[in-house]
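Worksheet: one structure, shown below.
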Amino acid sequence: GAVVSQHPSWVICKSGTSVKIECRSLDFQATTMFWYRQFPKQSLMLMATSNEGSKATYEQGVEKDKFLINHASLTLSTLTVTSAHPEDSSFYICSARQPGVETQYFGPGTRLLVL
Amino acid sequence: AQRVTQPEKLLSVFKGAPVELKCNYSYSGSPELFWYVQYSRQRLQLLLRHISRESIKGFTADLNKGETSFHLKKPFAQEEDSAMYYCALRNRGGADGLTFGKGTHLIIQP
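These protein sequences, in sequence, are chains A and B. The opening residue of the first sequence carries number 2 in our numbering; numbering runs sequentially from there. The opening residue of the second sequence carries number 462 in our numbering; numbering runs sequentially from there.
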């Protein structure tokens, strides 16, 4: 089946630094990737939709200058948390969808802790 | 605004008993609903979607537009069904991302 990977699986960083998270579709081409955030004991919240070769579409309330998304190829999307703060600490999950297929395949998630 | 509500954070039933995980939604238009499952230490994966009207691992879910519900059911629970279950609604209007409920932790007791 379709596999999506994320790297790193967890990261700890100092407040004010930037962190990049990668999302890769390993055995299929993903024209669309999605980024979600999950706080403890909360549900997944869609942050943005990433389309290959175009600008990402952000959900209301998500700062596009803080959460930079790049979808430069059909198998890779990156999320960069710029100037991270402790309140950005969360579990970030990506998903990928093949063209013409409704199913989203989820990555294992990246746990970010900002000190 | 669209919303997905799963009223039960935790549901515990005995093996062999029927299971029903509740999901209600709020959406203007024709909804597209899914159930995702996350087993311990595994990633989120699709269980079933209402369009397919399929039964996966003995689970079924029927869309009831009158009650705006999409409850997940299984007549006889098995221990391996223990997991987190999320109901999700597909966003229309171009983005296609999912709106998730808060999830229900299902525990099947032996």
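The beta carbon of each residue, even a glycine, is placed where N, CA and C say it ideally should be.
Per DSSP, the bridge partner or partners of residue i
{"i": "B:L559", "result": "B:R551"}
{"i": "B:R502", "result": "DSSP output for B:R502 lists no bridge partner at all."}
{"i": "A:T50", "result": "A:F35, A:T58"}
{"i": "B:I512", "result": "Looking at the DSSP assignment, B:I512 forms no beta bridge with any residue, so it has no partner."}
{"i": "B:Y497", "result": "B:L507, B:Y547"}
{"i": "A:L113", "result": "A:V12, A:S91"}
{"i": "A:Y106", "result": "A:A97"}
Burial state of residue i, where buried means 16 or more other Cβ atoms lie within 10 Å
{"i": "B:R502", "result": "exposed"}
{"i": "A:D28", "result": "exposed"}
{"i": "B:D523", "result": "exposed"}
{"i": "A:Q61", "result": "exposed"}
{"i": "A:T18", "result": "exposed"}
{"i": "B:F495", "result": "buried"}
{"i": "A:G110", "result": "buried"}
{"i": "A:W11", "result": "exposed"}
{"i": "B:G558", "result": "buried"}
{"i": "A:V102", "result": "exposed"}
{"i": "B:R551", "result": "buried"}
{"i": "A:S78", "result": "buried"}
{"i": "B:G562", "result": "buried"}
Interface residues of chain A facing residue i [CB-CB closer than 9 Å]
{"i": "B:F520", "result": "In chain order: nothing, as chain A lies at least about 16 Å away."}
{"i": "B:D574", "result": "Residue numbering for chain B in the displayed model covers 462 to 571; residue 574 of chain B lies beyond these limits and cannot be assessed."}
{"i": "B:R514", "result": "None at all; the shortest Cβ gap to chain A is about 14 Å."}
Residues that residue i contacts on chain A, provided the C-beta gap is smaller than 8 Å
{"i": "B:F531", "result": "Correct list: empty, because the minimum Cβ distance to chain A is about 15 Å."}
{"i": "B:T466", "result": "Per Cβ cutoff of 8 Å: no residues; B:T466 is ~10 Å from chain A at best."}
{"i": "B:Y547", "result": "S44, L45"}
Among the options, nearest to residue i - alpha-carbon criterion
{"i": "A:I13", "options": "A:A3, A:D66, A:V4, A:S90", "result": "A:S90"}
{"i": "B:V480", "options": "B:S487, B:E469, B:E528, B:Y500", "result": "B:E469"}
{"i": "A:H72", "options": "A:W36, A:L114, A:L113, A:S16", "result": "A:W36"}
{"i": "B:Q499", "options": "B:E493, B:L508, B:T466, B:S491", "result": "B:L508"}
{"i": "B:E540", "options": "B:N552, B:A462, B:F475", "result": "B:F475"}
{"i": "A:L80", "options": "A:M34, A:S16, A:Q30, A:K15", "result": "A:M34"}
{"i": "A:A3", "options": "B:K563, B:P536, B:N485, B:Q506", "result": "B:Q506"}
{"i": "B:S530", "options": "B:L472, B:Q463, B:G477, B:S487", "result": "B:S487"}
Chain B residues whose Cβ lies nearer than 8 Å to that of residue i
{"i": "A:Q43", "result": "K563"}
{"i": "A:G54", "result": "Under the 8 Å cutoff, chain B gives no residues; its nearest Cβ is about 16 Å from A:G54."}
{"i": "A:G108", "result": "R504"}
Contact list for residue i against chain A, beta-carbon separation under 7 Å
{"i": "B:L507", "result": "T104"}
Quick test of the definition: if touching needs 3 or more C-beta pairs under 8 Å, does the region 562 to 571 of chain B touch the region 537 to 547 of chain B? Yes, the region 562 to 571 of chain B touches the region 537 to 547 of chain B.
Under 8 Å, with one C-beta from each stretch per pair, do the region 77 to 93 of chain A and the region 32 to 50 of chain A reach the 3-pair mark? yes
Pair every Cβ in the region 63 to 81 of chain A with every Cβ in the region 44 to 53 of chain A, then say whether three or more of these pairs are closer than 8 Å. yes
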